[in-house]
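S.K.:
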Amino acid sequence: MTDTTDDIAEEISFQSFDDDCRLLGNLLNDILHREVGTTFVDKLERIRVLAQSACNMRQAGIVNMAELLEKQLASELVRKGGNMAQISKSCDDVFNQLVQGGVSPDDLYNTVCKQEVEIVLTAHPTQINRRTLQYKHIRIAHLLDYNDRPDLSPEDREMLIEDLVREITSIWQTDELRRQKPTPVDEARAGLNIVEQSLWKAVPHYLRRVSNALKKHTGKPLPLTCTPIKFGTWMGGDRDGNPNVTAKVTKDVSLLSRWMAIDLYIREVDSLRFELSMNRCSDTLSRLAHEILEEVKDENRHESWNQSMNRSQSLPTQLPARAHLPSFAANGESQHPRLDIPGPDHKDGGTPSSSTLGNGNPTSPSFNSSQPFSQRKLLTETQTGKSSFQKLLEPQLPQLPGIAPYRVVLGNVKDKLERSRRRLELLLEDVACDYHPLDYYETAEQLLEPLLLCYESLQSCGSGVLADGRLADLIRRVATFGMVLMKLDLRQESGRHAETLDAITMYLDMGTYSEWDEEKKLDFLTRELKGKRPLVPVNMEFSSDVKEVLDTFRIAAELGSDSLGAYVISMASSASDVLAVELFQKDARLAAIGELGRACPGGTLRVVPLFETVKDLRGAGSVIRKLLSIDWYREHIIKNHNGHQEVMVGYSDSGKDAGRFTAAWELYKAQEDVVAACNDYGIKVTLFHGRGGSIGRGGGPTYLAIQSQPPGSVMGTLRSTEQGEMVEAKFGLPQIAVRQLEIYTTAVLLATLRPPLPPRDENWRNLMEEISEISCQCYRNVVYENPQFLSYFHEATPEAELGFLNIGSRPARRKNTRGIGHLRAIPWVFAWTQTRFVLPAWLGVGAGLKGACEKGHSEELKAMYKEWPFFQSTIDLIEMVLGKADTTIAKYYDEALVSEERQELGRELRNELLTAEKFVLVISGHEKLQQNNRSLRRLVENRLPFLNPMNLLQVEILKRLRRDDDNLKLRDALLITVNGIAAGMRNTG
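Just so we're aligned, residue 1 is where the sequence shown starts under the UniProt record's numbering, counting upward by one.
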């Protein structure tokens, strides 16, 4: 259960949940008896009971007995935790609600069709589970779902139980820990696997639900190529603070994504060819099938003549390894159907393994760099053809166009897709490829053309029921995923761009760019953007850092906007940050055109400033106004980006900078200001929300988050990140993914057609400012001003030890310093979540609310909670995280791990937590925490018997490990408790 994204919680069947828990518990107990023996199982149960009893006694104030029980736990260990998921309003419900509320069917239809939502999957290191274990958990979820079927026979149910036993046994015997850090390409592959295992199935189902609901309430279905939601990714493109993401990695990941898309399309077309066996078709399709057959005949005649000519020419002197096998086999085993993507054992850099590309064809002998180019080219051409054995296996194409014309057309589509896939394999191998553009697919429009022709033919022949099946699903997939599955964003920190410009201006004897004032920077950048000459001197030598920045822009120029999405500038603070990136793009495209001898594909990337700190959020509106006041930039936006400006706001660093409450208020105001700035210049705006999984980093229920945005900030468009463990939790299973996609669609629709209410009067805004100021001051006094806090943080949490976890490719700190400032927000939140104190989500809130209540504003705050969606969602999210906090457990960490001189700080912070609880309940009117979310409270309580022992054991292991930090067994034991607590809390960072 993903507690911080509980859009689904209220519809859980707890009877089914309890049944599943009981079944899995009994099976696990049986397996442990077999695997480790009765003695160990009895010991495990004793540990659980002792730990829970100790926690209960501490809460009841029986401290002496609790300490006695805790001593008995000092040398024990335990394993594992549990999982579930949650729901909200369907398209049918919301469409009906809007029509009944006065929205005309035409307005509803047009708004849904024009909706543009993009969900961006990122590689933020918050997914604690190995991908192997994620797959096994998904398998168990499918089996439990199947177990609910009423038509299962006793024999079938018995076989299902046996499958469950195998899966649980496999999990028990699998190492929980990653032994190596993932590379950026590994992370990208994980993202592609989410598409393959879940989103590929979920998207057509989701679009059918939208279409059916639209038809029911407006009389018109969703257009076939219209998709309200698309997907982006940062995996392989986010180089902010991650030196492992290079220009080559970005190129390889982009090509890999294209390869995966085409491989998935090939599988679908294969199935579709089998299904569409009918003869009746439109005249247009008949003519196309006839043309294809004529071309095939011509190619066969040419191939026959060519083979006789080539026998005497330069064939290789030695056949490639395994040449005696059919082309779909490798190592003597069938490789069909392929379920993997190229290069499962590739090295850093993401290039597929030469022995595993394509349909299993061995490529390493073929592409030996020592061979003459002409020979390599000949082998390339022969390998893309079909072997005689394959031709025997495949049915012969009909000789008359009236016989199975759909199979003829789709067979041609499959051939072009296979050539497209082969071309990408050659590009990934850095082998020259001179395929004619008509022989492969480059754009989604090219692939859609024959598919739509088949669809229209079926409809015109009265076979609409066939057209609206698998074929319609494939067309919708192409419309959604295109040729890249997910467009790749690039992200880099603004300081890296300034350093590159420093190098250039110093080489040109123009001074140091970063030392210029803003007006001088803008004057220089604008002048260069209007000019026609290149910026970077041809003979200039660069440092490795500068070269990497320029190489990234060169790769972006080569790939273009057909493969890439946006260029995000982290830590943006001025208009010059944006113009600098535009200038680098212009210069790279000029250079690339000169080298390629042709135009770059697609257009320039959208440049998106990311405002993260409180200071930068406060200046966001001014930066956008300054940008749009520059004639060149405004004209560029209108001409090249359809008059659309995208702005990203960051939740993580603003929360770490000033605390959750102040960050929420500053984000709200920044969005208002950015929207107003764009409206002043007649420019449309899309806000890109950099939300994390935990509430401390902007997480929370998607529905609630979108519905509480400022009025006018969600006008049919939205981008939002989904990070780490949230990706698997929201999209790991197709049925849950469908609901999450519906939640995005309906929430954005409501925010567009029924915008949330603004603050009722100016006094509410003034009160928010007052609470925010007190809250921020309290937070910063503790985190940044208290000289004891940093040491307390390192002692009371496993922050330092989290570095042993191999959960991400990037470093935990932006710079190699020990302070909180350069610590990334993820380990900051992760460490406090482990101790159950979750300090970043509530620190300062109690002080701010208490200050306002003591000044007589209690009734006003209660009215704000009832009438202002933003304020209500802010309080509800804080209440949710307070419900998961546990002062008893946090106190145990302090007493066992924190030095005596810093114990008082811990006591003060626990009192702050109690203050936050008290005043949150006063304002919400609830008698106890999570009163309005009983399902969530029940789920949290169900985990405590397993979660509490792991916390107590983690404390004991930390004590021992800090005395013996080279003890690898203790380190492994600690990391296993980290995994278990993260699973129980349903959050990492």
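We treat Cβ as the ideally placed atom computed from N, Cα and C, and that holds for glycine.
From what residue to what residue does the beta strand (DSSP E) around TYR567 run?
M.R.: Here the beta strand (DSSP E) through TYR567 covers 564-570.
S.K.: Find out if the Cβ-Cβ distance for the pair ARG938, GLY984 is shorter than 8 Å.
M.R.: No, they are not a contact pair.
S.K.: Have a look at ASP93, GLU275, VAL478 and SER720 and flag the residue whose alpha-carbon is nearest the alpha-carbon of VAL465.
M.R.: Of ASP93, GLU275, VAL478 and SER720, the residue nearest in Cα terms is GLU275.
S.K.: For the beta strand (DSSP E) containing SER720, list its first residue and its last residue.
M.R.: SER720 -> beta strand (DSSP E) spans 717-723.
S.K.: Does the structure place the region 445-453 close enough to the region 518-534 that three or more beta carbon pairs sit under 8 Å?
M.R.: Short answer: they don't touch.
S.K.: Just how far apart, CA to CA, sit ASP468 and ASP680?
M.R.: So the alpha carbons of these two residues sit roughly 45 Å apart.
S.K.: Is TYR162 near ILE140, with beta carbons less than 8 Å apart?
M.R.: Before going on, a small fix: residue 162 reads as Glu here, not Tyr. Not in contact: GLU162 and ILE140 (Cβ atoms no closer than 8 Å).
S.K.: Please say whether ALA261 and residue 1064 have beta carbons closer to each other than 8 Å?
M.R.: Outside the displayed range of the chain (1 to 989) lies residue 1064, so it cannot be described from this structure.
S.K.: Any contact of the region 210-229 with the region 277-291, i.e. 3+ C-beta pairs under 8 Å?
M.R.: No contact exists between the region 210-229 and the region 277-291.
S.K.: I need the DSSP call for THR380, collapsed to helix, strand or coil.
M.R.: Residue confidence is low: THR380 scores 46 on pLDDT, short of 50, so the model does not pin down where it sits. Its coordinate-derived value is still stated next. Helix at THR380.
S.K.: Check this for me: beta carbons of LEU535 and ASP587, under 8 Å apart or not?
M.R.: Cβ distance < 8 Å, so LEU535 and ASP587 count as in contact.
S.K.: So is GLY803 buried or exposed if we call it buried at 16+ other beta carbons inside 10 Å?
M.R.: The residue is exposed, with fewer than 16 neighbouring Cβ atoms inside 10 Å.
S.K.: By Cβ distance, which residues of its chain are closer than 8 Å to SER570, with the 5 residues on each side in sequence left out?
M.R.: Result list for SER570: ASP240, ARG491, GLN492, GLU493, SER494, LEU610, GLU612 and GLY650, in chain order.
S.K.: Return the Cβ separation of LEU121 and GLY191 in integer angstroms, given the expectation that the two are a contact with Cβ distance under 8 Å.
M.R.: Sure, about 5 Å apart at Cβ, within 8 Å.
S.K.: Where does LYS547 sit, in a helix, a strand or coil, going by DSSP?
M.R.: Three-state DSSP puts LYS547 in a helix.
S.K.: Can you list, in chain order, the stretches of the beta strand (DSSP E) that have 3 or more residues and sit fully within the region 608-696?
M.R.: For the region 608-696, whole beta strand (DSSP E) runs of length 3 or above, ordered along the chain, are 644-650 and 684-690.
S.K.: Report yes if the C-beta distance between GLY846 and ALA737 is below 8 Å; otherwise report no.
M.R.: No. Outside cutoff.
S.K.: Within 10 angstroms of its Cβ, does ILE593 collect 16 or more other Cβ (buried), or is it exposed?
M.R.: Classification for ILE593: exposed.
S.K.: Checking contacts by CB at 8 Å: is MET880 closer than that to chain C?
M.R.: Note that chain C does not occur in the displayed structure, where there is just one protein chain.
S.K.: Roughly how many angstroms lie between the CA atoms of ALA973 and TYR440, to the nearest whole one?
M.R.: C-alpha separation (whole angstroms): 52 Å.
S.K.: In the region 731-815, which residue ranges form an unbroken alpha helix (DSSP H) of at least 4 residues, counting only runs that do not cross its ends?
M.R.: Here the runs fully enclosed are 734-753, 762-780 and 789-796.
S.K.: State the CB to CB distance for the pair GLY411 and ARG273, rounded to an integer number of angstroms; the pair is presumed to be in contact (CB under 8 Å).
M.R.: With 8 Å as the limit, GLY411 and ARG273 qualify as a contact, their Cβ atoms being about 6 Å apart.
S.K.: Under 8 Å: do the region 627-637 and the region 757-768 share three or more Cβ pairs, one atom per stretch?
M.R.: Flag = no, the region 627-637 and the region 757-768 do not touch.
S.K.: List the whole-angstrom C-beta distance separating LEU108 from VAL253, where the pair is believed to meet the contact cut-off of C-beta under 8 Å.
M.R.: Not quite, the Cβ-Cβ distance comes to about 39 Å (not below 8 Å), so this is no contact.
S.K.: Excluding the 5 residues flanking SER775 on each side, which residues of the same chain have their C-beta closer than 7 Å to its C-beta?
M.R.: Answer for SER775: GLY659, PHE661, THR662, GLY844, VAL845, ALA847 and GLY848, listed in chain order.
S.K.: On a Cα-Cα basis, can you pick out the residue from ALA202, ASN193 and ASP156 that is closest to GLN134?
M.R.: Looking at the Cα atoms, ASN193 is the closest of the given residues.
S.K.: Distance check for PRO204 and ASP473, CA to CA, integer angstroms please.
M.R.: The straight-line gap from Cα to Cα measures roughly 5 Å.
S.K.: Between ALA580 and LEU525, which are expected to be in contact by the criterion C-beta below 8 Å, what is the C-beta distance as a whole number of angstroms?
M.R.: The Cβ separation is near 6 Å, so the contact holds.
S.K.: By the three-class DSSP mapping on this structure, what secondary structure does ASP263 have?
M.R.: Helix at ASP263.
S.K.: Look at VAL955 and TYR865 and say whether their C-beta atoms are less than 8 Å apart.
M.R.: Their beta carbons are not under 8 Å apart, which means VAL955 does not touch TYR865 by this criterion.
S.K.: To the nearest angstrom, how far is the alpha carbon of GLY482 from that of LEU447?
M.R.: Rounded to the nearest angstrom, the two C-alpha atoms are 9 Å apart.
S.K.: Suppose the cutoff is 8 Å on Cβ atoms and the five residues either side in sequence are ignored; what does the same chain contact list for residue 990 look like?
M.R.: Residue 990 lies beyond the residue range present for the chain, which begins at 1 and ends at 989; the question has no answer from this structure.
S.K.: Candidates GLY906, ALA677, HIS689 and VAL623: which alpha carbon is nearest SER654's?
M.R.: Among GLY906, ALA677, HIS689 and VAL623, the Cα nearest to that of SER654 belongs to HIS689.
S.K.: Express the C-alpha separation of VAL674 and ASP631 in angstroms, rounding to a whole number.
M.R.: Each residue's Cα considered, the two are about 18 Å apart.
S.K.: Under a Cβ-count criterion, where at least 16 other Cβ atoms within 10 Å of its own Cβ denotes burial, should LEU953 be classed as buried or exposed?
M.R.: Buried.
S.K.: Beta strand (DSSP E) containing GLY232: first to last residue?
M.R.: Here the beta strand (DSSP E) through GLY232 covers 229-233.
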